[in-house]
Amino acid sequence: MNATNAHYHHTKDAIAQEELLIKAAQKDPKAFAPLYDKYYVQIFRFVLKRLGNEQDASDVTSQVFVKAITSIKKYQFRGVPFTSWLHMVARNEMNLAFRSKKYDRTVDVKTDHLHNIADEFEDDNAGLDDERLPMLLEGISQLTLDEIELLEMRYFEKRPFKEVSEILEITESNAKVRMHRIIKKLKSLMLERHGED
Amino acid sequence: MEKIKINIDKPDLSDADILKHKNFGNVMKAVGKIQAPWYKTGKFWGLAGGGITVASVATVLIVNANSPLVETIADQIPPETNMQFVEAPADLMLTAAPFPSEDVSFEEFTIDPTIDNDIITADSSILVIPANSILNNDGTTATKKMTVRFRDFYTPYEIFLAGIPMDIKDQGEDSFLESAGMFEILAANDHQIDPEKPIQVLFKSTSSDGSYDQYSLNDEGWNNDNPCVTTEVSENNTSNDIALEVSKLTKPEMMQPGDHVRVVGADDLALFEEFNGYKYPSFKFEKKDAQLADKYLIPDSTKIERGDAAGTYALTIYTNGNERKAITTIVFDAKAHQEAMKVFNADQERIAEKNKRNQQDVVQDHSNMSFSSLSEPSKLILSTSNGNFQTFTLTRFGTFNCDKILQKRPKKYSIEFASKEERSKVKEVYSFFPGWTSVETKKPEEEIFIMQDPKSVIAFICEDNKIVIGTFKELKLNKNTIKFPQGKEMEKLEALALLASKI
Chain A
1 MNATNAHYHH
11 TKDAIAQEEL
21 LIKAAQKDPK
31 AFAPLYDKYY
41 VQIFRFVLKR
51 LGNEQDASDV
61 TSQVFVKAIT
71 SIKKYQFRGV
81 PFTSWLHMVA
91 RNEMNLAFRS
101 KKYDRTVDVK
111 TDHLHNIADE
121 FEDDNAGLDD
131 ERLPMLLEGI
141 SQLTLDEIEL
151 LEMRYFEKRP
161 FKEVSEILEI
171 TESNAKVRMH
181 RIIKKLKSLM
191 LERHGED
Chain B
198 MEKIKINIDK
208 PDLSDADILK
218 HKNFGNVMKA
228 VGKIQAPWYK
238 TGKFWGLAGG
248 GITVASVATV
258 LIVNANSPLV
268 ETIADQIPPE
278 TNMQFVEAPA
288 DLMLTAAPFP
298 SEDVSFEEFT
308 IDPTIDNDII
318 TADSSILVIP
328 ANSILNNDGT
338 TATKKMTVRF
348 RDFYTPYEIF
358 LAGIPMDIKD
368 QGEDSFLESA
378 GMFEILAAND
388 HQIDPEKPIQ
398 VLFKSTSSDG
408 SYDQYSLNDE
418 GWNNDNPCVT
428 TEVSENNTSN
438 DIALEVSKLT
448 KPEMMQPGDH
458 VRVVGADDLA
468 LFEEFNGYKY
478 PSFKFEKKDA
488 QLADKYLIPD
498 STKIERGDAA
508 GTYALTIYTN
518 GNERKAITTI
528 VFDAKAHQEA
538 MKVFNADQER
548 IAEKNKRNQQ
558 DVVQDHSNMS
568 FSSLSEPSKL
578 ILSTSNGNFQ
588 TFTLTRFGTF
598 NCDKILQKRP
608 KKYSIEFASK
618 EERSKVKEVY
628 SFFPGWTSVE
638 TKKPEEEIFI
648 MQDPKSVIAF
658 ICEDNKIVIG
668 TFKELKLNKN
678 TIKFPQGKEM
688 EKLEALALLA
698 SKI
């Protein structure tokens with residue numbers, strides 16, 4: 001699978017330009033406007049996929065940017081791109097929202113994404129048919145929240161491991177190891193289910 | 198396990214639908230509610246008028262040299278005096294921000310003027326204000342709490358936003374200055390500095406190049422006061438005024454079973470010198486705050502400051518609109534502790550070795566300034582920083598610059614407009630020279646400097662907050678003229694973002 005996220009990949013020039021914008025925003029919150037314009041849709045989608053409801057996503061996205069503006073002075077470019085930092089802020093805000101029990105955790109899945117996961121099983125029955133699709137969904141629903149989060153970033157949102165690791169504040173190799181274990185777990189859950197049937 | 202809802206093949210919302218929710222104004226209102234302390238009241242701003250936008254409240258250290266204390270602006274009691282920053286009428290202002298709402302914001306420090314103060318600014322400059330050095334506007338010594346306002350400028354974009362003129366006459370010819378850092382310092386209520394007791398600004402400059410001079414701005418323009426006076430760290434110093442060797446590291450403590458901890462985030466690590474060098478320290482919470490020892494409950498907006506007691510850190514955590522405070526200490530798990538002890542011991546050995554050789558790092562004083570009364574944090578900054586501190590000795594508040602006159606004299610061009618109407622909508626013209634910390638400001642009817650190397654970028658400020666930006670290529674240089682670029686008019690914020698990226 002080729003994980004791609006156009007927003008994540010920046011040229012050196014683009015990074016340098018963004019640093020100027022960040023520096024301006026660190027001096028004056030109003031100067032955050034261009035960054036807000038640039039990242040609003042991206043963060044809204046990130047939140048919407050996890051909250052499921054457009055209005056809730058709007059409220060939480062606003063809160064994400066309030067937090068980002070009030071804490072941008074703490075942001076320093078040390079290898080973690082600004083986009084990943086913003087996603088970290090969004091993730092923290094959503095975790096707060098889930099803990100308040102005001103919102104349910106939603107996972108937004110496309111059938112294509114499930115096929116991509118099934119391709120990773122590397123067994124003779126590669127591919128999803130009508131029988132295996134519900135089994136895979138059942139397997140996903142049995143994963144822990146942390147596991148689902150990693151799965152959705154990697155397979156449903158197609159983020160590179162580097163970006164996943166930055167958002168989750170873990171190392172890239174740790175993200176890969178965890179992902180490998182999740183795929184293994186899903187495969188084993190599906191086998192179990194197949195045995196039961 | 199928490200309830201999870203799985204949506205399969207739910208259609209994606211279009212960008213247009215998402216953009217209907219976008220509202221930066223509402224976000225800024227919410228930011229204002231979080232950040233609006235007492236000094237944002239109309240009374241406080243008084244004569245400052247609408248000219249200056251309050252930006253985020255930087256957490257700053259205000260350190261009294263005799264009794265170090267840590268304070269944030271939000272914790273301070275409003276000063277007893279009527280807080281007004283008296284500024285000149287617009288036609289007499291020395292600076293003219295093209296967009297007052299985008300002007301570079303100030304940091305605010307409230308001090309007790311009867312004691313020695315040294316203040317560390319957000320960009321690590323140090324303001325040294327001796328006791329009783331501030332006078333009231335009637336000439337008596339100020340005794341009530343008072344507020345000092347400070348801002349610095351390091352980029353051409355900031356100089357542009359603040360509307361600071363950079364032009365100067367050099368041997369009768371028009372020239373302009375290139376800055377290695379500039380600052381403005383003001384006091385409320387028209388307080389003045391006692392000329393007998395000048396205040397010192399150890400300004401973090403971007404250069405240690407000896408070719409820069411100190412300039413101050415007055416109503417006649419920039420005045421060359423002195424060569425820049427460097428304050429630096431030296432290994433072979435002969436000064437008697439020796440800075441203490443202070444370990445940057447606190448002795449690592451081992452985490453105990455049952456401790457309530459939360460790993461210190463990567464961003465937090467950068468906040469305090471004493472964390473440097475350690476890997477994986479954790480905040481240890483008191484039992485009563487155990488529920489806060491959860492990284493999910495600690496959002497990025499958490500404010501972390503040094504606590505009153507040595508080795509403690511005060512966390513102010515905002516969750517669901519509530520504010521919780523917790524005092525924490527730093528601990529390490531067994532593996533990280535072992536590593537941290539090695540780092541700490543090596544640091545201790547380094548200090549012992551230095552003392553043995555009696556060759557301490559010292560603050561070299563080229564300005565006959567005494568550093569003996571500086572607080573430990575200020576000494577630490579001076580003795581550990583590789584920054585190029587320039588000492589400014591001030592007998593008045595105002596705008597000061599570490600500058601040199603650009604030797605390269607660019608060619609002047611007049612601007613051609615397609616029509617009188619087009620000409621009449623342009624209010625001011627700014628010429629930038631990418632890579633150089635300077636900007637030239639002219640009226641549209643005047644000639645303006647344009648450089649081919651580095652290639653100039655020109656900003657035309659028009660009516661109704663519109664801006665036209667012309668890159669070198671778009672300016673269509675003729676022998677002595679440039680053409681006003683056509684069809685490039687942009688809204689202010691969009692144009693400012695573009696400009697920030699080009700200069």
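Just so you know, the sequences run in chain order A and B.
For the first sequence, counting from 1, position 191 maps to 191 in my numbering; every step adds exactly one.
For the second sequence, counting from 1, position 430 maps to 627 in my numbering; every step adds exactly one.
Positions of the beta carbon are idealized from the N, C-alpha and C atoms, including for glycine.
Note that this is a predicted model, so its numbers are computed, not measured.
Neighbour flag for residue i against chain B, beta carbons, 7 Å
i: leucine 151 of chain A; result: no
i: serine 165 of chain A; result: no
i: serine 58 of chain A; result: yes
i: leucine 133 of chain A; result: no
i: alanine 33 of chain A; result: yes
Limits of the unbroken beta strand (DSSP E) element including residue i
i: lysine 202 of chain B; result: 201-205
i: threonine 526 of chain B; result: 519-529
i: glycine 369 of chain B; result: Careful: glycine 369 of chain B lies outside any beta strand (DSSP E) and carries neither H nor E.
i: histidine 457 of chain B; result: 457-460
i: serine 413 of chain B; result: 410-415
Same chain only: Cβ atoms within 8 Å of residue i, ignoring 5 sequence neighbours per side
i: leucine 143 of chain A; result: Leu151, Ile182, Lys185 and Leu186
i: aspartate 320 of chain B; result: Asp349, Tyr351 and Lys401
i: leucine 591 of chain B; result: Ile382, Ile390, Pro395, Ile396, Gln397, Val398 and Phe597
i: alanine 227 of chain B; result: none
Chain A contact for residue i (CB, 7 Å cutoff)
i: serine 376 of chain B; result: no
i: lysine 663 of chain B; result: no
i: lysine 366 of chain B; result: no
i: asparagine 279 of chain B; result: Interpretation of asparagine 279 of chain B is limited by its pLDDT of 49, a score under 50 that renders its predicted location unreliable; the figure taken from the coordinates is listed afterwards. It does not: the Cβ of asparagine 279 of chain B has no partner Cβ on chain A nearer than 7 Å.
i: lysine 527 of chain B; result: The sequence shown places isoleucine at residue 527 of chain B, not lysine. By this cut-off, isoleucine 527 of chain B is not an interface position.
i: leucine 201 of chain B; result: Strictly speaking, residue 201 of chain B in this sequence is isoleucine, with leucine absent from that position. Yes, contact with chain A.
i: serine 628 of chain B; result: no
Backbone secondary structure at residue i - three-state DSSP
i: histidine 115 of chain A; result: helix
i: leucine 332 of chain B; result: strand
i: phenylalanine 303 of chain B; result: coil
i: isoleucine 72 of chain A; result: helix
i: aspartate 313 of chain B; result: coil
i: glycine 360 of chain B; result: coil
i: valine 80 of chain A; result: coil
i: valine 224 of chain B; result: helix
i: leucine 591 of chain B; result: strand
i: arginine 50 of chain A; result: helix
i: arginine 105 of chain A; result: strand
i: proline 419 of chain B; result: For the sequence presented, residue 419 of chain B should be read as tryptophan rather than proline. Note: tryptophan 419 of chain B maps to strand in three-state DSSP.
Burial state of residue i, where buried means 16 or more other Cβ atoms lie within 10 Å
i: glutamine 153 of chain B; result: Residue coverage of chain B in this structure runs from 198 to 700, which leaves residue 153 of chain B outside it and unanswerable.
i: proline 134 of chain A; result: exposed
i: alanine 16 of chain A; result: exposed
i: arginine 50 of chain A; result: buried
i: aspartate 300 of chain B; result: buried
i: leucine 695 of chain B; result: buried
i: alanine 213 of chain B; result: exposed
i: valine 177 of chain A; result: exposed
i: threonine 70 of chain A; result: buried
i: isoleucine 205 of chain B; result: exposed
i: serine 302 of chain B; result: buried
i: asparagine 519 of chain B; result: exposed
Start-to-end residues for the alpha helix (DSSP H) that takes in residue i
i: glycine 667 of chain B; result: Premise fails: glycine 667 of chain B lies in the beta strand (DSSP E), 663-668, not in any alpha helix (DSSP H).
i: arginine 503 of chain B; result: Looking at the DSSP string, arginine 503 of chain B is not in any alpha helix (DSSP H); the run it does join, the beta strand (DSSP E), is 500-503.
i: arginine 620 of chain B; result: 617-622
i: glutamate 688 of chain B; result: Taken as a continuous stretch (DSSP letters only), glutamate 688 of chain B belongs to no alpha helix (DSSP H), being part of the beta strand (DSSP E) at 686-688.
i: phenylalanine 350 of chain B; result: First-last for phenylalanine 350 of chain B: 343-350, but that is the beta strand (DSSP E), not the alpha helix (DSSP H).
i: phenylalanine 161 of chain A; result: 161-168
Neighbourhood of residue i by C-beta distance below 6 Å, restricted to the same chain and skipping five residues each side
i: isoleucine 361 of chain B; result: Thr292
i: phenylalanine 669 of chain B; result: Lys652 and Ser653
i: valine 345 of chain B; result: Phe306 and Ala384
i: alanine 537 of chain B; result: Pro449, Tyr475 and Phe529
Contacts that residue i makes with chain C (C-beta to C-beta distance below 8 Å)
i: asparagine 223 of chain B; result: Here chain C cannot be found, since the structure's protein chains are A and B.
Same chain, Cβ closer than 7 Å to residue i, five either side skipped, listed in chain order
i: serine 575 of chain B; result: Val260, Asp315, Ile317 and Ile323
i: methionine 179 of chain A; result: Leu150 and Arg154
i: alanine 68 of chain A; result: Leu86 and Val89
i: threonine 311 of chain B; result: Ala328, Asn329 and Thr340
Residue i Cβ short of 6 Å to the ligand FMN heavy atom set
i: lysine 608 of chain B; result: What this structure holds is no ligand at all, so the ligand FMN is not there to describe.
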